[in-house]
Amino acid sequence: MKIEHLNFRYRQNDRLIFDDLSFNLVQGKTHFLLGMNGEGKSTLLDAFAGLLNVDAAILNPIQRNEILYQIQGVPILSTIKGKDLAELILCGSGQYRSGDLSPEMCSELFDDPSALRKITYLWDMQYGKMSPGERRWLTIVLYCLIDKSLYLFDEPTAGVDLYSGMQIAQSIRRLQERRGKTVVYATHQLQDLKWFEDYQVHVLDKGKIIIDENERHWIQACRENKMPICVRIIDEWEMS
Amino acid sequence: MMNTFPLVKHFLRVMMYYKINLIFTLGVPIGSIIYTMRPFIFHTSDQQIVQNHVFYWISYMVVLYAIINSGPSLVVLREDQFLKMFLFISGNVCSIIYAKYISQFILLTLSVLILDILSCFLFDLPIIKLLIQSFLLIILSSPPIFFLFLFFAALRLRQETMIPLTNILIFCFIFMSVNQINRVLSFINPIDYAFQIARFLFDGTSIHGFQIWFSITITCFYLFIGLFSLKKIQFLPIFRN
Numbered sequence: 001m002k003i004e005h006l007n008f009r010y011r012q013n014d015r016l017i018f019d020d021l022s023f024n025l026v027q028g029k030t031h032f033l034l035g036m037n038g039e040g041k042s043t044l045l046d047a048f049a050g051l052l053n054v055d056a057a058i059l060n061p062i063q064r065n066e067i068l069y070q071i072q073g074v075p076i077l078s079t080i081k082g083k084d085l086a087e088l089i090l091c092g093s094g095q096y097r098s099g100d101l102s103p104e105m106c107s108e109l110f111d112d113p114s115a116l117r118k119i120t121y122l123w124d125m126q127y128g129k130m131s132p133g134e135r136r137w138l139t140i141v142l143y144c145l146i147d148k149s150l151y152l153f154d155e156p157t158a159g160v161d162l163y164s165g166m167q168i169a170q171s172i173r174r175l176q177e178r179r180g181k182t183v184v185y186a187t188h189q190l191q192d193l194k195w196f197e198d199y200q201v202h203v204l205d206k207g208k209i210i211i212d213e214n215e216r217h218w219i220q221a222c223r224e225n226k227m228p229i230c231v232r233i234i235d236e237w238e239m240s
Numbered sequence: 001m002m003n004t005f006p007l008v009k010h011f012l013r014v015m016m017y018y019k020i021n022l023i024f025t026l027g028v029p030i031g032s033i034i035y036t037m038r039p040f041i042f043h044t045s046d047q048q049i050v051q052n053h054v055f056y057w058i059s060y061m062v063v064l065y066a067i068i069n070s071g072p073s074l075v076v077l078r079e080d081q082f083l084k085m086f087l088f089i090s091g092n093v094c095s096i097i098y099a100k101y102i103s104q105f106i107l108l109t110l111s112v113l114i115l116d117i118l119s120c121f122l123f124d125l126p127i128i129k130l131l132i133q134s135f136l137l138i139i140l141s142s143p144p145i146f147f148l149f150l151f152f153a154a155l156r157l158r159q160e161t162m163i164p165l166t167n168i169l170i171f172c173f174i175f176m177s178v179n180q181i182n183r184v185l186s187f188i189n190p191i192d193y194a195f196q197i198a199r200f201l202f203d204g205t206s207i208h209g210f211q212i213w214f215s216i217t218i219t220c221f222y223l224f225i226g227l228f229s230l231k232k233i234q235f236l237p238i239f240r241n
């Protein structure tokens, strides 16, 4: 899918969110979307998902029923258990039956046996008693079990400890490596990139994509680009 | 269709979690029937008068369940981003709306069942007949009324605006039907509309052809509003738009 000449501003708002932005989504690749708070990363994901009426040329658009969009902070009833959440997400997708569900079905996503113990532990726990990080971890693991063409992740490791963040990144990486899926991953956490081998980095700044490079060249491109955001990214990358 | 069932379960859990709503949906009708019909409790009475009261309050329950669980509820789901989340899990918005309708229909049926059993016990009404009549009334009146209130989801209204608005609406509907304001205003009073259906089916008085066509017109009007609203439904929270 390709978006060209994207211009967008919210209603009753003078600020131009995107200014002649172009973005090429390569099939079977993980695309990292980096940018400061308020630059429009989530809005760009909304545009990919077809939720916005945008002024842009969209080539080879992906059908809505082939997109999975992970959203931050959706409130869920606190009294449901992990297995009820699994039923809601997995059976709600129409790809699983209630009888198919078990913690073992998640084992394909992880090499680490502690992940299976964790999911077994959360399976019978009330959602309200899980920590925010555990909720995020469980939700994303369940998302990775659904079969779609395009996956949009909005800050999937926000509020999650380093080890759980690694597990989340691994399960997302498997979407691309083992199933050839296309992933767009919006994040602030640069250490997430270290869990991936084959990816494209897009840096969003002031309504434009200022860096669009693969895993071998993006650091150098950021060093050569003297924009404040690139300087911050390099500093954070070297510290992490 | 299969992917609707988990959503129906989830919505039923949410509705049962907020039990306070049962005060309005079930408590008010029961209280009103007991208070209004108190001379007839455990006495042989004109069954038609009592039944009319029961059907009126069933009409109220149909409208109240729809007003809580149709468009206004979708507005809450939209603002919480649950609509956006589940739109991509299920692949379409119709499964969410369908699950909403099924869940409210189940709870409405259970509430009406409780009302009917209590009414039959207090007023010596024939239980099987009343249950069948009540179920028919719900089947015929709840889909168009549910469709009517979908229009709230097509409006650019915040959740905080929605709740007082729906409270005002329900009181207006009750006021209009109790004071028998101009029949033509049945177009905008779904309680009257549902009660008309009950009278056509169960009152036994003569029915004019005009009244039947009028009710069919209102039904089509409500369905049209709902279908139009489905096309215009907002998925993104208002604050983002």
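Heads up: the protein sequence lines correspond to chains A and B, in order. Under the working numbering, the residue at position 109 of the first sequence is numbered 109, and the numbers go up by one with no gaps. Under the working numbering, the residue at position 227 of the second sequence is numbered 227, and the numbers go up by one with no gaps. We treat Cβ as the ideally placed atom computed from N, Cα and C, and that holds for glycine. Quick caveat: nothing in here was measured; it's all calculated off a predicted structure.
Item: Would DSSP call F235 (chain B) helix, strand or coil?; Value: coil
Item: Can a CB atom of chain B be found closer than 8 Å to the CB of E215 (chain A)?; Value: no
Item: Taking M37 (chain B) and F123 (chain B) to be in contact with their CB atoms under 8 Å, please state how far apart those CB atoms are, rounded to whole angstroms.; Value: 7 Å
Item: Taking G7 (chain A) as part of the alpha helix (DSSP H), name the residues at either end of that continuous run.; Value: Inspection of the sequence shows that residue 7 (chain A) is occupied by Asn rather than by Gly. Run containing N7 (chain A): none in the alpha helix (DSSP H); it sits in the beta strand (DSSP E), 2-8.
Item: For P7 (chain B), go through chain A and note every residue whose CB falls closer than 8 Å to its CB, in chain order.; Value: Looking at the sequence provided, one finds Leu at residue 7 (chain B) rather than Pro. Under the 8 Å cutoff, chain A gives L88, G92.
Item: Taking all protein chains shown into account, decide if V184 (chain A) is buried (16 or more other Cβ within 10 angstroms of its Cβ) or exposed.; Value: buried
Item: Measuring straight from C-alpha to C-alpha, what distance separates L16 (chain A) and A169 (chain A)?; Value: 32 Å
Item: Residues in the region 7-23 of chain B with C-beta within 8 Å of chain A's C-beta atoms, listed in sequence order?; Value: L7, K9, H10, R13, V14, Y17
Item: Tell me, which residues are paired with Y69 (chain A) by DSSP?; Value: A:L152
Item: With DSSP run on the structure shown, which of helix, strand or coil describes N241 (chain B)?; Value: Any reading at N241 (chain B) is ruled out, since the residue's pLDDT is 47, under 50, leaving its predicted position unreliable.
Item: Answer with buried or exposed for W213 (chain B), where buried requires no fewer than 16 other C-beta atoms within 10 angstroms of its C-beta.; Value: exposed
Item: Please confirm if A47 (chain A) has its CB atom under 8 Å from at least one CB of chain B.; Value: no
Item: Quick one: what does DSSP say V203 (chain A) is sitting in, helix, strand or coil?; Value: strand
Item: Does DSSP put Q126 (chain A) in a helix, a strand or coil?; Value: strand
Item: What did DSSP end up calling E108 (chain A) once you bin it into helix, strand or coil?; Value: helix
Item: For the pair the region 114-128 of chain A and the region 75-91 of chain A, tell me if three or more CB-CB distances fall below 8 Å.; Value: yes
Item: Answer yes or no: does any C-beta atom of chain A fall closer than 8 Å to that of Q81 (chain B)?; Value: yes
Item: According to the Cβ coordinates, are L44 (chain A) and L51 (chain A) closer than 8 Å?; Value: no
Item: Quick one, are the C-beta atoms of I119 (chain A) and C144 (chain A) less than 8 Å apart?; Value: no
Item: State yes or no: is the beta carbon of N53 (chain A) nearer than 8 Å to at least one beta carbon in chain B?; Value: no
Item: Please tell me whether A99 (chain B) and T4 (chain B) are closer than 8 Å, where the distance is taken between their beta carbons.; Value: yes
Item: Alpha carbon to alpha carbon, how far is Q196 (chain B) from I30 (chain B)? Give it in angstroms, no decimals.; Value: 21 Å
Item: What residues in the region 74-106 of chain B have a beta carbon less than 7 Å from any beta carbon of chain A?; Value: D80, Q81, F82, K84, M85, F86, F88, I89, S90, G91, N92
Item: May I have the straight-line CA-CA distance separating G207 (chain A) from I3 (chain A), to the nearest angstrom?; Value: 14 Å
Item: When the Cα of D192 (chain B) is compared with those of B:F42, B:Y60, B:F121, which residue comes out closest?; Value: B:Y60
Item: Quick one: which unbroken alpha helix (DSSP H) runs of 4-plus residues sit fully inside the region 37-98 of chain B? Chain order, please.; Value: 47-69, 71-79, 82-90
Item: Restricting to Cα atoms, I'd like to know which of B:D46, B:I238, B:W57 is closest to V178 (chain B).; Value: B:W57
Item: Kindly indicate if chain B contains any beta-carbon less than 8 Å away from that of L68 (chain A).; Value: yes
Item: Any idea what DSSP makes of T217 (chain B), helix, strand or coil?; Value: helix
Item: Just the Cα atoms here: how many angstroms apart are L59 (chain A) and G40 (chain A)?; Value: 21 Å
Item: Does DSSP put H217 (chain A) in a helix, in a strand, or in coil?; Value: coil
Item: Taking the alpha-carbon of K174 (chain A) as reference, which of A:N7, A:E215, A:G38, A:D111 has the nearest alpha-carbon?; Value: According to the sequence provided, residue 174 (chain A) is Arg. The question's Lys does not apply to it. Among A:N7, A:E215, A:G38, A:D111, the Cα nearest to that of R174 (chain A) is on A:D111.
Item: Taking 8 Å as the cut-off, does the region 81-100 of chain B touch the region 119-137 of chain B (at least 3 CB pairs, one atom from each stretch)?; Value: no
Item: Taking only beta-carbon positions, decide if I71 (chain A) is within less than 8 Å of chain B.; Value: yes
Item: Quick check: the region 102-122 of chain B against the region 90-99 of chain A, are there 3 or more CB pairs under 8 Å?; Value: no
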